[in-house]
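Position 267 of the sequence shown, counting from 1, maps to 266 under numbering that gives the first Met the number 0, and the rest follow consecutively.
Beneath this line is the structure, given in structure tokens, with notes to follow.
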Amino acid sequence: MSRAIVLGGTGVVGRAIALRLARDGWRVDVTGREARNMPSDLTAAGVSFVRADSRDATEVAVAFGAGADLLVDCVCYTAADARRLLPLARDATSTVMISSKAVYADAVGNHSNSDVPPQFDGPIRETQSTVRPSDIDFDSREGYGANKVAAERVLLDSGLPVSVLRPSKIHGRGAARPREWVFVKRVLDRRPLLLARRGAGVDHTTAAANLAALVEIAAARPGTRVLNCADPDAPSGLEIARAIARLLDHEWHEVLLDGDAVGNVGLHPWDAVHPIVLDMSEAQALGYSPAGDFVSTVADEVDWLVREARGGADVASLPSGDDPFFAPYFDYAAEDRFLEARAMSVGRLG
Ligand SMILES: NC(=O)c1ccc[n+]([C@@H]2O[C@H](COP(=O)([O-])OP(=O)(O)OC[C@H]3O[C@@H](n4cnc5c(N)ncnc54)[C@H](OP(=O)(O)O)[C@@H]3O)[C@@H](O)[C@H]2O)c1
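Structure follows, in structure tokens:
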């Protein structure tokens, strides 16, 4: 039986990877700092939890043991993290590091987290330039992509069989920040759908299940490489909202704004000014076949969100009302004022 170890394997990404490998007959260990964060579906699938903080080289070495056929790192954010991974990667047949599309820079250096939105020429290939590597705070808008680039370089320069995967906006069961909640909660609250730029914004989605499918290919074909990972389709915000409504048997009252969001009104997480789409031909050439398109893969997460909202065992994992990431998307008072003012101006014109 082949053995895999997934570092930081209890989040949305590690969970999908571990589950797929376990179902395909692998012996899988996942690490994390807290046993209570181990998803019950992983335990049920025979995956073992090993407590180890990835920032502690001794703890990770003990968890890793004598070697593995596949080593996956879901919590490699900096060059220092990558250097700590190298001794383990030497004893693994194939290693996968989860990076991000946030590394890509457009012709003038803008990236997904810059104040000026990036404008790419078309679907982004792995050869697209990246932001400059840096070790400024990785948990900041400027530092996230720059530190991922620094980590990638440490691993790729080692010449070891490391596949660096660059996903886009990840969705899946158990996500710590389930962006789809923006539309799921709106359906549950029976609110209208207000979308800036008529919901045309595209910021490529990546199903955790598709990432897992690509990890399995990287395991079967060890190599030193970079691969994009995104869904086979690239739905717009409006298409995402409509797909989620269909899954919930709901029909939106759609209010599509021609321009930018008005304050918080019309905001949604996929509102990229210029489309951000990853080219998937490198992965396909390696033999990758996606688990599904956006709508078929998002169904599992939507089901999870609805169950938890209705009092499921995991309800505490849903974003709270004052979560600073989600709060602007649920500014219902501002929406009501906006809709009222609009109705009055239509009335006056009529
Ligand atoms: N989410 C996205 O949209 C997105 C997009 C592009 C790229 N990515 C990349 O995808 C990777 C995985 O993302 P994710 O969303 O699955 O992350 P996540 O939800 O934060 O999950 C990470 C898991 O790892 C554990 N963990 C965190 N720090 C650890 C440490 N020092 N040692 C051991 N375990 C640790 C956490 O559990 P404990 O707290 O119990 O340790 C957590 O369950 C990241 O590298 C991220 O940069 C994510």
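For every residue, glycine included, the Cβ atom is placed at its ideal position computed from N, Cα and C.
Check	Outcome
CA-to-CA distance, F325 to G311, given in whole angstroms	20 Å
Nearest candidate by alpha-carbon position, reference G262, set I216, A284, F337 and G291	F337
9 Å Cβ cutoff met for D322 and R172	no
Proximal residues to A240 (C-beta, below 6 Å), its chain only, five neighbours per side dropped	F182 and L192
Limits of the alpha helix (DSSP H) - the one that S280 falls within	S280 to L285
Span of the beta strand (DSSP E) around M96	A91 to I97
Residue burial classification, D335 (beta-carbon count within 10 angstroms, cutoff 16)	exposed
Any non-hydrogen atom of ligand 1 within 8 Å of V74 CB	yes
Contact test: K184 Cβ vs ligand 1 heavy atom, cutoff 8 Å	no
Rounded straight-line distance, which links the Cα of E141 to that of V163	20 Å
In DSSP terms, what L255 is bridged to	L194
For A67, three-class secondary structure by DSSP	strand
Every unbroken alpha helix (DSSP H) inside the region 191-251 [4 residues or more]	207-219 and 236-246
Start-to-end residues for the beta strand (DSSP E) that takes in A3	R2 to L6
R2 versus D259: straight-line alpha-carbon distance, rounded	49 Å
Secondary structure of I275, DSSP reduced to three states	strand
Any non-hydrogen atom of ligand 1 closer than 8 Å to A174 Cβ	yes
CA-to-CA distance, I4 to A233, given in whole angstroms	31 Å
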